[in-house]
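Here is the structure we will look at, set down as structure tokens.
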Amino acid sequence: SQNPTVGVLAHPGQVDVRIAAKATDIETANSLIDPVEVEVRRLLGRHVFATDEESMEDAT
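Our numbering puts the sequence shown at residues 41 to 100.
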């Protein structure tokens, strides 16, 4: 299986993109996630409105 993984979940008016990694510690997990997040942000550009636990309401 791939590590990290990217998942999507469609909702009316928005799509959630989830990047998850398996690692022995948070620093290693973040180092796996970071380059994938950069690529997702590059691809989606201005369509990224919120990150992490932020909601659409928090971002506006």
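All C-beta atoms in this analysis are idealised placements derived from N, C-alpha and C, irrespective of residue type, glycine included.
Is A90 helix, strand or coil by DSSP?
Taking the sequence shown and counting its residues from 1, the one referred to as residue 90 is at position 50. In this structure, A90 counts as coil in the three-state DSSP scheme.
Segment limits, alpha helix (DSSP H) that includes T64:
Position 24 of the sequence shown holds residue 64. It is not in any alpha helix (DSSP H) - T64 carries neither H nor E in the DSSP assignment.
Do the stretch 75-88 and the stretch 51-61 touch if we need at least three Cβ pairs shorter than 8 Å?
Yes, the stretch 75-88 touches the stretch 51-61.
Output the distance between the C-alpha atoms of L84 and L49, rounded to the nearest integer angstrom.
Translated into the one-based positions of the sequence shown, residue 84 becomes position 44. Translated into the one-based positions of the sequence shown, residue 49 becomes position 9. Answer to the nearest angstrom: the Cα atoms are 15 Å apart.
Given A63, which residues of its chain have a CB within under 7 Å of its CB, disregarding the five upstream and five downstream residues?
Against the sequence shown, residue 63 aligns to sequence position 23. Counting only Cβ-Cβ distances below 7 Å, and skipping sequence neighbours, we find A69, L72.
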